[in-house]
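Read through the structure below, which is laid out as structure tokens, and then see the notes.
Protein chains in written order, with the working numbering: chain A, 417 to 554; chain B, 501 to 857.
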């Protein structure tokens with residue numbers, strides 16, 4: 417049996433624009449990954465619970481509401497509480513460049529704004545997961 | 501692995517999630533896990549939910565689980581969605597409809613890709629059910645991929661099978677076709693708020709009342725029954741047709757009551773043991789099949805098999821002759837292995853499970 421990366425795609429917060437999340441979900445599916453799509457208006461608690469139950473290898477968040485800083489902070493906090501720090505989190509949506517260093521310092525592994533190609537995201541996930549696997553094996 | 505198994509028996513979510521991944525990814529892990537957990541299984545009431553895509557299975561699972569939680573039962577959910585036949589990828593979207601269950605530690609939801617299985621479940625679903633059973637979930641709800649007419653594996657995996665239909669799926673004749681409708685212990689007509697739902701209820705009821713002679717259906721196969729049962733019954737169970745509007749929570753209380761009644765029926769009629777027997781028989785044969793195929797692949801090399809495929813495609817030999825050749829070769833090599841003679845055609849043949857066969 418082949419091992420498939422399991423990626424959770426979630427939209428935290430209150431904005432209703434899920435096209436970006438769907439495009440990414442579709443691209444990851446076509447790249448041979450198993451995408452758990454959780455839909456709109458997820459709370460950080462719901463996202464972390466889903467990632468835990470689904471044993472997600474990575475979490476992708478799409479945020480266009482501008483509330484990325486508090487949402488990401490809370491999600492990262494919950495991941496730590498659940499001993500899931502090793503699960504890489506990547507972010508898409510409308511993220512002002514000024515906020516990127518803050519988000520990175522919170523532990524966000526990758527940020528993909530408008531214009532990022534889906535190919536780029538697929539490569540990012542593959543590389544990140546390969547590196548994580550290498551770390552675990554070492 | 502031992503740590504994970506202890507964690508599962510303690511009902512720890514992280515351990516359950518991890519073990520489910522292992523069981524899904526490796527046959528060997530599934531074997532180890534099931535061997536360790538099996539003595540702790542057999543407690544859960546396994547409920548299958550099947551039906552066409554978009555008939556509202558996930559929404560219904562959400563409602564059923566909420567009601568079962570109100571009765572204080574712990575609920576495990578396995579939701580299967582299809583894998584792409586081309587890329588192997590999958591979009592697992594059943595959680596979208598199950599958001600009401602978030603934050604409840606008495607519910608565990610796991611999405612699962614079918615990974616090439618065609619019967620509506622994934623190969624690993626059987627082992628996954630056992631993991632949730634051993635973890636102490638009293639009800640295990642198994643939602644199949646959107647099923648058409650012939651995906652009937654769920655009836656072999658579950659104690660109680662719900663077949664969910666919705667208005668607009670076809671005329672009366674559809675209700676009379678063999679296959680998925682026959683496996684139902686409970687027929688649900690969801691989206692009963694839509695026009696045409698009464699007609700679907702009526703055609704299904706008509707189908708049940710015009711039911712065939714004798715023969716009781718269990719697990720998708722017809723068992724001969726000593727005494728012909730009344731029409732529309734399975735093992736003395738009157739198959740109900742229930743209209744629901746899951747998105748509004750209508751009809752779901754009755755549905756859960758029927759599910760519980762079906763459980764009581766199984767337990768009092770001796771049907772439970774019969775179904776367990778059938779379930780185990782099917783599972784055994786399935787595992788054996790996998791193993792024999794795995795052995796075939798190690799004993800007769802891929803290139804040898806490919807050569808025969810090419811010959812069949814070129815019309816040099818027919819498929820039956822090709823199969824006979826593979827089969828004879830496998831048998832001959834096994835015999836040489838057993839009698840201690842070195843296999844003559846391929847060296848280093850290693851059966852994946854030598855000690856077990």
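Ideal Cβ positions, reconstructed from N, Cα and C, are used throughout, including at glycine.
Within 10 angstroms of its Cβ, does residue i collect 16 or more other Cβ (buried), or is it exposed?
i                     : result
residue 510 (chain B) : exposed
residue 462 (chain A) : buried
residue 533 (chain A) : exposed
residue 817 (chain B) : exposed
residue 569 (chain A) : Since the first and last residues shown for chain A are 417 and 554, residue 569 (chain A) lies out of range.
residue 504 (chain B) : buried
residue 831 (chain B) : exposed
residue 704 (chain B) : buried
residue 594 (chain B) : buried
residue 744 (chain B) : buried
residue 673 (chain B) : exposed
residue 656 (chain B) : buried
residue 441 (chain A) : buried
residue 523 (chain B) : buried
residue 721 (chain B) : Model confidence at residue 721 (chain B) stands at a pLDDT of 49, short of 50, so the residue's coordinates are unreliable and nothing is read from them.
residue 653 (chain B) : buried
residue 598 (chain B) : buried
residue 429 (chain A) : buried
residue 458 (chain A) : buried
Tell whether a beta-carbon distance below 8 Å holds between residue i and residue j.
i                     : j                     : result
residue 590 (chain B) : residue 610 (chain B) : no
residue 506 (chain A) : residue 531 (chain A) : no
residue 565 (chain B) : residue 601 (chain B) : yes
residue 675 (chain B) : residue 537 (chain B) : no
residue 452 (chain A) : residue 470 (chain A) : yes
residue 631 (chain B) : residue 550 (chain B) : no
residue 641 (chain B) : residue 561 (chain B) : yes
residue 691 (chain B) : residue 547 (chain B) : no
residue 468 (chain A) : residue 517 (chain B) : yes
residue 450 (chain A) : residue 422 (chain A) : yes
residue 737 (chain B) : residue 709 (chain B) : no
residue 575 (chain A) : residue 433 (chain A) : Nothing can be reported for residue 575 (chain A), as the shown portion of chain A is limited to 417 through 554.
residue 739 (chain B) : residue 685 (chain B) : yes
residue 619 (chain B) : residue 651 (chain B) : yes
residue 509 (chain A) : residue 436 (chain A) : yes
residue 763 (chain B) : residue 660 (chain B) : yes
residue 424 (chain A) : residue 472 (chain A) : yes
residue 578 (chain B) : residue 521 (chain B) : no
residue 696 (chain B) : residue 420 (chain A) : no
residue 503 (chain A) : residue 443 (chain A) : no
residue 456 (chain A) : residue 427 (chain A) : yes
residue 544 (chain B) : residue 608 (chain B) : no
residue 552 (chain B) : residue 648 (chain B) : yes
residue 494 (chain A) : residue 517 (chain A) : no
residue 575 (chain B) : residue 643 (chain B) : no
residue 492 (chain B) : residue 555 (chain B) : Limits of chain B in this structure are 501 at one end and 857 at the other, which puts residue 492 (chain B) out of reach.
residue 749 (chain B) : residue 563 (chain B) : yes
Along chain A, which residues have their Cβ under 8 Å away from the Cβ of residue i?
i                     : result
residue 621 (chain B) : Within 8 Å Cβ-Cβ: nothing; residue 621 (chain B) doesn't reach chain A, min ~15 Å.
Residues of chain A with CB closer than 9 Å to the CB of residue i, please, in chain order.
i                     : result
residue 681 (chain B) : The contacting residues do not exist; residue 681 (chain B) stays about 30 Å from chain A at best.
What in chain B is Cβ-close to residue i, meaning under 8 Å?
i                     : result
residue 441 (chain A) : 591
key: Near-chain A residues of the stretch 556-587 of chain B (beta-carbon distance less than 7 Å), N- to C-terminal order   = Close to chain A, meaning a Cβ-Cβ distance shorter than 7 Å, are the following residues of the stretch 556-587 of chain B: 584 and 587.
ask   = Which residues, in order along the stretch 513-547 of chain B, keep a beta-carbon less than 7 Å from a beta-carbon of chain A?
value = 513, 514, 517, 518, 520, 521, 525, 526 and 527
request  = Could you name the residues of the stretch 419-439 of chain A whose beta carbon sits closer than 7 Å to any beta carbon of chain B, in the order they occur along the chain?
outcome  = 419 and 420
ask   = Of the residues that make up the stretch 594-613 of chain B, which ones have a beta carbon closer than 8 Å to any beta carbon in chain A?
value = 595, 596, 599, 602, 603, 608, 609, 610, 611 and 613
task = Mind checking the stretch 444-457 of chain A against chain B and listing, in chain order, the residues whose C-beta falls within less than 9 Å of any C-beta there?
result = 444, 445, 446, 447, 448, 449, 450, 451, 452, 453, 454, 455, 456 and 457
ask   = Got a sec: which bits of the stretch 462-485 of chain A sit with their beta carbon under 7 Å from any beta carbon on chain B, in order along the chain?
value = 462, 465, 466, 468, 469, 470 and 471
ask   = Taking any Cβ of chain A, which residues in the stretch 641-652 of chain B have a Cβ under 7 Å from it, in chain order?
value = none
task = Run through the stretch 776-813 of chain B for me and flag every whole alpha helix (DSSP H) of 4 or more residues, listed as ranges in chain order.
result = 802-813
inquiry  = Please give me, in chain order, every unbroken run of the alpha helix (DSSP H) with length at least 4 that falls completely inside the stretch 533-579 of chain B.
reply    = As far as the stretch 533-579 of chain B is concerned, its whole alpha helix (DSSP H) runs of at least 4 residues are 557-570.
key: Sequence ranges, alpha helix (DSSP H) only - wholly within the stretch 614-692 of chain B, length at least 4   = 625-634, 653-657 and 672-676
request  = Identify every run of the beta strand (DSSP E) within the stretch 465-493 of chain A, keeping only runs that are complete inside it and at least 3 residues long; order them along the chain.
outcome  = 474-479
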